[in-house]
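S.K.: Residue numbers (full-length UniProt numbering): 3 to 358. All C-beta atoms, glycine included, are put in the ideal place defined by N, C-alpha and C. These figures come from a predicted structure and were not determined experimentally.
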Ligand code: NAD
Ligand code: K
Ligand code: MN
């Protein structure tokens, strides 16, 4: 039987609640068929590891992960440690170390979810946001001079390379081409940011020539937020920079009903390294340890993980089980206006998988 080796990194906060839930669901899925099995390994990296060792993950951590087929991640972020330390020390270390340059974020309104936009049903909102995940505003280049003094100067330099921009645009055109509407919106801010963003627009025009069947347009990021609210149906696949797409995808998640539902994959399209799948939400300090976390974002991320492994049928089966559970308002967690617990939602999805 085929065995997939999955590294689980729950991280911090509700990551410790939703990742074990995701593992449970994947185990139920594997038990319900005989095509493949999973072997899981858990890594206790994150805030607790930091308190003990002074770093978020060990120096040889990437080498430990390298042989896995995929990574299931929770969240990095601890109330006692500065956010930039936790983020750079774990999640970004893995994303950048494994050159997972395509961050893919699907958004749909799942059955039974009461989304906030009026006149917008599930058929009117079906997006995939592709986020550049290796450079741009989060390249880590910059610094502070004369720290704390009145003459202090601080910079976060946004680095855009032609190679980096071209590969993410190519990925986005290819993804758009694979979807029924074959439509791509390239988001920039090329009116104000007149160097790198103008280069994005130019490269987009060049790359588009290789995808004559993809209908594409350009949108400025601020205008794009309004378009997401006012004309959701006019969008399909969207590609944007690291920062812009980070913000657009939280908006997308909220428009689809909750941050707790939204999934993402940090993907190395060339498959040189394992790709990493996670809910888009963070540690959620306000609800951690209470069993209130919505695990659906993690389950949907598991669907993306299965698709990445080439297990299309199993992925579709899990998505169907998730949708059957969201359709039942009794199984909604607090963020969706219900009072179901993480464990109840998890058990319901497992039950569906085993009964199917
Ligand atoms: P957050 O996503 O943790 O929480 C925002 C709000 O959404 C909170 O009210 C929270 O309760 C709610 N929420 C989030 N996920 C939910 C779920 N699954 N079920 C129900 N409600 C949910 O964002 P934040 O508060 O800005 O950040 C908290 C910490 O998480 C920070 O340290 C931040 O840096 C970190 N963070 C990490 C990641 C990551 O690891 N990928 C992503 C975002 C934030
Ligand atoms: K996360
Ligand atoms: Mn974010």
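Would the C-beta of residue 77 count as close to the ligand K, meaning under 7 Å from any of its heavy atoms?
M.R.: yes
S.K.: How many Å lie between residue 352 and residue 89 at the Cα?
M.R.: 31 Å
S.K.: Please determine if the stretch 94 to 114 and the stretch 189 to 200 are in contact, where contact requires at least 3 C-beta pairs separated by less than 8 Å.
M.R.: no
S.K.: Between the stretch 115 to 127 and the stretch 248 to 268, can you find at least three pairs of beta-carbon atoms closer than 8 Å?
M.R.: yes
S.K.: Measuring straight from C-alpha to C-alpha, what distance separates residue 396 and residue 39?
M.R.: The structure shown has nothing for residue 396, since the chain only spans 3 to 358.
S.K.: Out of 202, 141, 337 and 69, point me to the one whose CA is closest to residue 169's CA.
M.R.: Scanning 202, 141, 337 and 69 for the CA closest to the CA of residue 169 turns up 202.
S.K.: For residue 18, collect the residues of the same chain with a Cβ closer than 6 Å to its Cβ; drop the 5 residues on either side in sequence, then sort them by chain order.
M.R.: Residues of the same chain with a CB within less than 6 Å of the CB of residue 18, apart from the 5 flanking positions on each side, are 12 in chain order.
S.K.: Shortest alpha-carbon distance to residue 261 belongs to which of 275, 284 and 239?
M.R.: 284
S.K.: Are at least three pairs of beta-carbons, each pair with one atom in the stretch 294 to 302 and one in the stretch 319 to 335, less than 8 Å apart?
M.R.: yes
S.K.: According to DSSP, is residue 98 helix, strand or coil?
M.R.: Residue 98 carries a helical assignment under DSSP once its states are collapsed to helix, strand and coil.
S.K.: For residue 72, which option in 315, 305 and 276 has the closest C-alpha, if you only look at C-alpha atoms?
M.R.: 276
S.K.: Within its chain, find whatever has a CB closer than 8 Å to the CB of residue 57; leave out the 5 residues flanking it on each side and keep chain order.
M.R.: 51 and 91
S.K.: Which residue's Cα is closest to the Cα of residue 221: 214, 211 and 199?
M.R.: 199
S.K.: Specify the secondary structure class of residue 313 as computed by DSSP and reduced to three states.
M.R.: coil
S.K.: Within 8 Å, do at least three Cβ pairs link the stretch 105 to 116 to the stretch 213 to 220?
M.R.: Remark: fewer than three beta-carbon pairs, one from each stretch, lie closer than 8 Å, so the stretch 213 to 220 and the stretch 105 to 116 are not flagged as touching.
S.K.: State the DSSP-derived secondary structure class of residue 54, mapped to helix, strand or coil.
M.R.: DSSP places residue 54 in the helix class (H, G or I) of the three-state scheme.
S.K.: If you scan the stretch 13 to 96 from start to end, which runs of the alpha helix (DSSP H) of 4 or more residues do you find wholly inside it?
M.R.: 17 to 33, 49 to 55, 63 to 67 and 85 to 88
S.K.: Compute the Euclidean distance between the alpha carbons of residue 166 and residue 350, then round it to the nearest angstrom.
M.R.: 42 Å
S.K.: Alpha carbon to alpha carbon, what distance is there between residue 240 and residue 188?
M.R.: 6 Å
S.K.: Is residue 248 near the ligand MN, judged by its Cβ being under 7 Å from some heavy atom?
M.R.: It does: the Cβ of residue 248 is within 7 Å (strictly closer) of some heavy atom of the ligand MN.
S.K.: For residue 268, does the count of other Cβ atoms within 10 angstroms reach 16, so buried, or fall short, so exposed?
M.R.: buried
S.K.: What are the boundary residues of the beta strand (DSSP E) that residue 268 is part of?
M.R.: 265 to 269
S.K.: For residue 1 versus residue 158, is the C-beta distance shorter than 8 Å?
M.R.: Absent from the model: residue 1. The displayed extent of the chain is 3 to 358, so no value can be given.
S.K.: Around the Cβ of residue 74, are there at least 16 other Cβ atoms within 10 angstroms (buried) or fewer (exposed)?
M.R.: Buried, because 16 or more other Cβ atoms sit within 10 Å of the Cβ of residue 74.
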